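*Asks:* Residue numbers (this note's numbering), protein chains in the order written: chain A, 7 to 334; chain B, 606 to 694; chain C, 126 to 624.
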Amino acid sequence: MSIEIKTATLEPVRNTFAHIERRFGDKPATRYQEATYDVASETNFHYRPLWQPDKLLQDASRTRLVMADWYAFRDPRQFYYGTYVQSRAKMQEAAESSYAFFEKRDLARLLSDDHKTQLIRYLLPLRHVEQTANLNNVYGTGQGMGTALTQAMLYNGMDRLGIAQYLSRIGLILDGNTAESLAQAKQLWMDADIWQGLRALCEEMLVTEDWFEVVVAQDMVLDTLVYDLVYSQLDAQLADSGAQDVAMLTEFMQDWWKDNQRWGDAVLKTATAESADNKALLEQWLTLWRGKAAEALAPLATEMLDEQALERALAVLDKRLNKAGLFR
Amino acid sequence: MSKVYIALQDNDESRYIVEAIEQDNPDVTIIHMPAMVRVEAEGKLVVKRETVEETMGRDWDIQELHLNLITLGGNVDEDDDCLTLEWNS
Amino acid sequence: MAKKLNIKEKYRLLTRDLDWEFSYQDRKKAFPYEEFEGIKITDWSKWEDPFRLTMDSYWKYQAEKEKKLYAIFDAFQQNNGHLNVSDPRYVNALKVFLTGVSPLEYQAYQGFAHVGRQFGGVGARVACQMQAIDELRHVQTQIHAMSHYNKYFDGLQEFSHMHDRVWYLSVPKSFFNDARAAGPFEFMIAIGFSFEYVLTNLLFVPFMSGAAHNGDMATVTFGFSAQSDEARHMTLGLEVIKFLLEQHEDNVPIVQKWIDKWFWRGTRLLTIVAMMMDYMLPNKVMSWKEAWEVYFEEAGGALFKDLARYGIRMPKYSDVIEKEKEHLSHQAWWTFYTHGHAAGFHTWIPTDEELDWLSEKYPDTFDKYYRPRWELAKELEAKGERFYTSGLPQLCQTCQIPMLFTEMDNPGEICYRDHVHEGERYHFCSDGCHDIFVDEPEKYVQAWLPVHQILQGNCGGPGVEEVLSEYYRMNLGVDNMDMKGSPDEKRWKQWKGVA
Numbered sequence: 007m008s009i010e011i012k013t014a015t016l017e018p019v020r021n022t023f024a025h026i027e028r029r030f031g032d033k034p035a036t037r038y039q040e041a042t043y044d045v046a047s048e049t050n051f052h053y054r055p056l057w058q059p060d061k062l063l064q065d066a067s068r069t070r071l072v073m074a075d076w077y078a079f080r081d082p083r084q085f086y087y088g089t090y091v092q093s094r095a096k097m098q099e100a101a102e103s104s105y106a107f108f109e110k111r112d113l114a115r116l117l118s119d120d121h122k123t124q125l126i127r128y129l130l131p132l133r134h135v136e137q138t139a140n141l142n143n144v145y146g147t148g149q150g151m152g153t154a155l156t157q158a159m160l161y162n163g164m165d166r167l168g169i170a171q172y173l174s175r176i177g178l179i180l181d182g183n184t185a186e187s188l189a190q191a192k193q194l195w196m197d198a199d200i201w202q203g204l205r206a207l208c209e210e211m212l213v214t215e216d217w218f219e220v221v222v223a224q225d226m227v228l229d230t231l232v233y234d235l236v237y238s239q240l241d242a243q244l245a246d247s248g249a250q251d252v253a254m255l256t257e258f259m260q261d262w263w264k265d266n267q268r269w270g271d272a273v274l275k276t277a278t279a280e281s282a283d284n285k286a287l288l289e290q291w292l293t294l295w296r297g298k299a300a301e302a303l304a305p306l307a308t309e310m311l312d313e314q315a316l317e318r319a320l321a322v323l324d325k326r327l328n329k330a331g332l333f334r
Numbered sequence: 606m607s608k609v610y611i612a613l614q615d616n617d618e619s620r621y622i623v624e625a626i627e628q629d630n631p632d633v634t635i636i637h638m639p640a641m642v643r644v645e646a647e648g649k650l651v652v653k654r655e656t657v658e659e660t661m662g663r664d665w666d667i668q669e670l671h672l673n674l675i676t677l678g679g680n681v682d683e684d685d686d687c688l689t690l691e692w693n694s
Numbered sequence: 126m127a128k129k130l131n132i133k134e135k136y137r138l139l140t141r142d143l144d145w146e147f148s149y150q151d152r153k154k155a156f157p158y159e160e161f162e163g164i165k166i167t168d169w170s171k172w173e174d175p176f177r178l179t180m181d182s183y184w185k186y187q188a189e190k191e192k193k194l195y196a197i198f199d200a201f202q203q204n205n206g207h208l209n210v211s212d213p214r215y216v217n218a219l220k221v222f223l224t225g226v227s228p229l230e231y232q233a234y235q236g237f238a239h240v241g242r243q244f245g246g247v248g249a250r251v252a253c254q255m256q257a258i259d260e261l262r263h264v265q266t267q268i269h270a271m272s273h274y275n276k277y278f279d280g281l282q283e284f285s286h287m288h289d290r291v292w293y294l295s296v297p298k299s300f301f302n303d304a305r306a307a308g309p310f311e312f313m314i315a316i317g318f319s320f321e322y323v324l325t326n327l328l329f330v331p332f333m334s335g336a337a338h339n340g341d342m343a344t345v346t347f348g349f350s351a352q353s354d355e356a357r358h359m360t361l362g363l364e365v366i367k368f369l370l371e372q373h374e375d376n377v378p379i380v381q382k383w384i385d386k387w388f389w390r391g392t393r394l395l396t397i398v399a400m401m402m403d404y405m406l407p408n409k410v411m412s413w414k415e416a417w418e419v420y421f422e423e424a425g426g427a428l429f430k431d432l433a434r435y436g437i438r439m440p441k442y443s444d445v446i447e448k449e450k451e452h453l454s455h456q457a458w459w460t461f462y463t464h465g466h467a468a469g470f471h472t473w474i475p476t477d478e479e480l481d482w483l484s485e486k487y488p489d490t491f492d493k494y495y496r497p498r499w500e501l502a503k504e505l506e507a508k509g510e511r512f513y514t515s516g517l518p519q520l521c522q523t524c525q526i527p528m529l530f531t532e533m534d535n536p537g538e539i540c541y542r543d544h545v546h547e548g549e550r551y552h553f554c555s556d557g558c559h560d561i562f563v564d565e566p567e568k569y570v571q572a573w574l575p576v577h578q579i580l581q582g583n584c585g586g587p588g589v590e591e592v593l594s595e596y597y598r599m600n601l602g603v604d605n606m607d608m609k610g611s612p613d614e615k616r617w618k619q620w621k622g623v624a
């Protein structure tokens, strides 16, 4: 027996907003689509910014990359605010229980002095790199075009602030909340030879004007190299030498990187596929920043790991770029 | 003295918070409006973690207040144990 | 045993200590917009964080809010929650909201992302970044809440397209464009302080309470959930102003000038909210005048009393603003009623019961100035001659509202002001808007005034009808005109089974 419920009078007049229907057809839309597409103002801006009078408030010419439709940058994770915070809340819940376990069992006491020194010298100064990444992604949000891309950059930016705070917490765990390790790490960031290349690179990205170039330099080039060197290679080295518990504190970063790559790969692929000009421009930026980053990271990679470590990380980067359709 | 105020969503958690506020600030005025409850006081109002924990019978973080908060008026000072609203004039 | 850190120390170590002094580049090049407004910052480290929310707590609490909110959206949609609203006229307030307000949340997202990158102090920057992502939350949850209404009512479907073009929507749009086009400190006084601290309460608190009172579960839920972020934003706004005033005495007159400007601009913008409160909510919570007294006069008054120690006084034209609460909503709704053919929503004559309520709430003005108009409109409607004004209104060069406001001491006379700049005459609705223009004429001559644009042929045409249907993408006779006889009304009657 089938039950027929009289619903004819409650038929919707339309399935979704008109701009969503124009893009995806007359059918019910996903929440990601309705929250993302064509939400940003595009025309009839009233006043030119006092802080940049040669541009409009929203202006595609703030980058040299050219897109016919900035909404081509669909986020494969389909993050809108709600799904974004819920995904991160899950990750932070896991991280919180790992940090709590680590602190409660005082697992820091099982770390050798040598391991502690390594963490202060190689891991903690990265919080300033994360802070740079926060600024660079928020820069893209403020300057960029199309909600599909700008919201994903803001999520990335806020993630990086979160990671900088987790790294700081690792320092506080190591020094029993005296903040001595954070002060040491900052001193190293300011003075130690192994960090000066990277610090100079961070400062250079922060004064670079083209927002897409900044995102390429930070999210594609530098992050790929740093996350491979630190959260893959250094992690393995720590585990092999008996400091495997540290992985409890860096698991968030590893999970985050996996998630973030999915987005980053899609951005690269979409920008590359758009036109030969874009491809050439991306290759020019990537060559430039790959060179700068490799030079900046060389002393750190060699001291922290070995002579070949940077080569291995560069191979990971090259593979990634290749997969996105670049340099081939 | 100017009035400080805090408004919360009208739900079960807020009832415990409002109860705690009343205990710690005997002179407050409670105003019920559709879907919200507004608490006003002359000059100063304090939400204390300890009192809320007592009324709720569980641990409660002062930052959890934000889950039910609608609006507030006054200079805010938030620390681990309390949130204070105050006008200096 | 590890030392116990309190929340302030912990936040300082986790967040405030992330910045460093540059050695390889000029730090001013990385934060280039801090000086041109004349604001003097001597020491960013004096910044007091309003709330010390680290990202992990932010994710945790915000995810909890979102989980609750979307559970309600799901239930609302699955149970056809739109059938529970008090009266289909109510949905027109949502049309104004989605086309006029939600895009402002988006602009706030963009504006706070900009200043959240540009401030040299990490504490202020992070607070602005959190506000940026919160504002993104607000626009997205509003779209999701309205998504269901859009399926059953007309006039919501082109909200984004309309916001960029429609005549009355250039009022909110230009307000936020103005703030975003300003320097970072003015933006904070405009939006973080004037708008968030004092004015958004008027939008979100009584109006959302009104949504609850009119059976709109989706809107009240997003409204109050958004307000839970707003408490953080308000506190940021207050922190910014105190910080600027404490940093240098030279900042005081600059900040005062911005307060004067943005309170005036804000009250003009809120005209539309006044109208929504008094005319578009079938079940009334409080009148605009009452809301204004609680949230502006009482709460704002306490605030300015507190700021007096820095040498800050009440905004200029507060005396005019006080008188306007008696008139704004009536003058605005009448304008929309008579231009109901060019609006993106329906208009109507208030019911007799509603007219009585207005008489009761506005004893000094309604019967004297406004009720007679409605009685006349009723007579015309009864004769089948529902009244529409033809012709395009003149707009104020600053706030872009049609010249609908009267002299406050003579409510029978429309207020006109003008000013000649470089040989061209510009028109204003008030002394407040006149003064704002005169202070920065090179900015306000740029305004994209919808009526000028139509007359110059930049919005299609040749006639107004083509502008409305082709350039604005309004479905004429469907999205607009009187509520009586509209498709919205017909469907409602069908759903409810009434003739």
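Quick reminder that beta carbons are idealized off the backbone N, C-alpha and C, glycines included.
It should be emphasised that the depicted structure is a prediction, and the values quoted were computed from it without experimental measurement.
For residue 51 of chain A and chain C, any beta-carbon pair shorter than 8 angstroms?
*Replies:* Yes, residue 51 of chain A counts as interfacial toward chain C.
*Asks:* Under 8 angstroms between C-beta atoms, does residue 244 of chain C make it to chain A?
*Replies:* Output row for residue 244 of chain C: interface = no.
*Asks:* Would you tell me roughly how many angstroms separate the C-alpha atoms of residue 120 of chain A and residue 198 of chain A, rounded to the nearest one?
*Replies:* So the two alpha carbons sit approximately 18 angstroms from each other.
*Asks:* Compare the C-beta of residue 658 of chain B with all C-beta atoms of chain C and state if any pair is closer than 8 angstroms.
*Replies:* No, residue 658 of chain B lies away from the interface with chain C (no Cβ there is under 8 angstroms from its Cβ).
*Asks:* With DSSP as the reference, identify every bridge partner of residue 636 of chain B, one or two as the case may be.
*Replies:* Per DSSP, B:643.
*Asks:* At the level of alpha carbons, what is the spacing between residue 55 of chain A and residue 158 of chain C?
*Replies:* Spanning the two alpha carbons is a distance of roughly 11 angstroms.
*Asks:* Which residues in chain C have a C-beta closer than 7 angstroms to the C-beta of residue 178 of chain A? List them in chain order.
*Replies:* What residue 178 of chain A touches in chain C: 138.
*Asks:* Only counting the same chain, and skipping five residues up and downstream in sequence, which positions put a Cβ closer than 6 angstroms to that of residue 169 of chain C?
*Replies:* Around residue 169 of chain C: 245, 246.
*Asks:* In the region 336-353 of chain C, which residues sit with their C-beta less than 8 angstroms from some C-beta in chain B, listed in chain order?
*Replies:* Cβ contacts with chain B come from 337, 338, 345, 349, 352, 353.
*Asks:* Taking just the CA atoms, how far does residue 291 of chain A sit from residue 228 of chain A?
*Replies:* When rounded, the distance between both Cα atoms is 12 angstroms.
*Asks:* Run through DSSP, which three-state label would residue 52 of chain A get?
*Replies:* It is coil, neither helix nor strand.
*Asks:* Would the region 398-411 of chain C count as touching the region 329-342 of chain C if we require 3 or more Cβ pairs under 8 angstroms?
*Replies:* These segments touch.
*Asks:* Give the residues from the region 638-651 of chain B that approach chain C closer than 7 angstroms (Cβ to any Cβ), ordered along the chain.
*Replies:* Within the region 638-651 of chain B, the qualifying residues are 638, 639, 640, 641.
*Asks:* Measure how close the beta-carbons of residue 392 of chain C and residue 194 of chain C come, nearest whole angstrom, since I'm counting them as under 8 angstroms.
*Replies:* Actually they do not touch by this definition, with Cβ atoms about 30 angstroms apart.
*Asks:* Applying the 10 Å Cβ sphere with the 16-neighbour rule, what's the burial state of residue 245 of chain A?
*Replies:* Burial call: exposed.
*Asks:* How would you label residue 167 of chain C, buried or exposed, when you count the other beta carbons within 10 angstroms and need 16 or more for buried?
*Replies:* Flag for residue 167 of chain C reads exposed.
*Asks:* With 8 angstroms as the C-beta to C-beta threshold (strictly closer), list the residues of the region 677-689 of chain B near chain C in chain order.
*Replies:* Correct list: 677, 678, 679, 680, 681, 683, 684, 685.
*Asks:* To test your reading of the DSSP string, which unbroken alpha helix (DSSP H) runs of 4 or more residues are found completely within the region 150-226 of chain C?
*Replies:* List check, alpha helix (DSSP H) in window: 152-155, 180-203, 216-221.
*Asks:* Which class does residue 79 of chain A belong to by DSSP, given the choice of helix, strand or coil?
*Replies:* Correct three-state label for residue 79 of chain A: coil.
*Asks:* For a cutoff of 8 angstroms on Cβ pairs, would you count residue 176 of chain C as touching chain B?
*Replies:* Closer than 8 angstroms to some Cβ of chain B, the Cβ of residue 176 of chain C qualifies, so yes.
*Asks:* Using a Cβ-Cβ distance cut-off of 8 angstroms, determine whether residue 692 of chain B contacts chain C.
*Replies:* So yes, residue 692 of chain B belongs to the interface.
*Asks:* At a cut-off of 7 angstroms, is residue 240 of chain A close to the ligand MN when judged by its beta-carbon and the heavy atoms of the ligand?
*Replies:* Only the bare structure without any ligand can be found here, which leaves the ligand MN out of the picture.
*Asks:* Which same chain residues, not among the five before or five after residue 310 of chain C, have their C-beta less than 6 angstroms away from its C-beta?
*Replies:* Correct list, in chain order: 162, 164.
*Asks:* So what's residue 540 of chain C in DSSP terms, helix, strand or just coil?
*Replies:* It is coil, neither helix nor strand.
*Asks:* If I measure Cβ to Cβ from residue 606 of chain B and keep anything under 6 angstroms in the same chain, skipping five residues before and after, which residues do I get?
*Replies:* Excluding sequence neighbours, residue 606 of chain B sits near 647, 648.
*Asks:* Which of the residues in the region 171-196 of chain C, read from start to end, lie with their CB under 8 angstroms from any CB of chain B?
*Replies:* Listed by position, the residues of the region 171-196 of chain C near chain B (Cβ gap below 8 angstroms) are 175, 176, 177, 178, 182, 186, 189, 190.
*Asks:* Please tell me whether residue 205 of chain A and residue 271 of chain A are closer than 8 angstroms, where the distance is taken between their beta carbons.
*Replies:* Cβ distance not < 8 angstroms, so residue 205 of chain A and residue 271 of chain A don't count as in contact.
*Asks:* Below 8 angstroms on C-beta distance, what does residue 20 of chain A contact in chain C?
*Replies:* Per Cβ cutoff of 8 angstroms: 275, 276, 282.
*Asks:* Kindly indicate the opening and closing residues of the alpha helix (DSSP H) around residue 610 of chain B.
*Replies:* That residue, residue 610 of chain B, is in no alpha helix (DSSP H); its beta strand (DSSP E) goes 608-614.
*Asks:* Name the chain B residues whose beta carbon is nearer than 8 angstroms to that of residue 133 of chain C?
*Replies:* In chain order: 684.
*Asks:* What separation, rounded to the nearest whole angstrom, lies between the Cα atoms of residue 34 of chain A and residue 221 of chain A?
*Replies:* Distance between the alpha carbons of residue 34 of chain A and residue 221 of chain A: 34 angstroms.
*Asks:* With a CB to CB cut of under 7 angstroms and the five nearest residues on each side skipped, what residues in its chain are close to residue 237 of chain A?
*Replies:* Hits under 7 angstroms: 256, 259, 260, 263.
*Asks:* Are the beta-carbon atoms of residue 350 of chain C and residue 472 of chain C separated by less than 8 angstroms?
*Replies:* Against a cut-off of 8 angstroms, the Cβ pair of residue 472 of chain C and residue 350 of chain C comes out as no contact.
*Asks:* Keeping to the same chain, check which residues put their C-beta closer than 6 angstroms to that of residue 673 of chain B; ignore five residues upstream and five downstream.
*Replies:* Within the same chain, residue 673 of chain B has close Cβ partners 613, 614, 618, 619.
*Asks:* What three-state label does DSSP hand residue 612 of chain C in the structure shown?
*Replies:* Here residue 612 of chain C sits in helix by DSSP.
*Asks:* Just to check my reading of the structure: residue 235 of chain A and residue 315 of chain A have Cβ atoms closer than 8 angstroms, yes? What is that Cβ distance to the nearest angstrom?
*Replies:* The pair is a contact, with the Cβ atoms about 6 angstroms apart (cut-off 8 angstroms).
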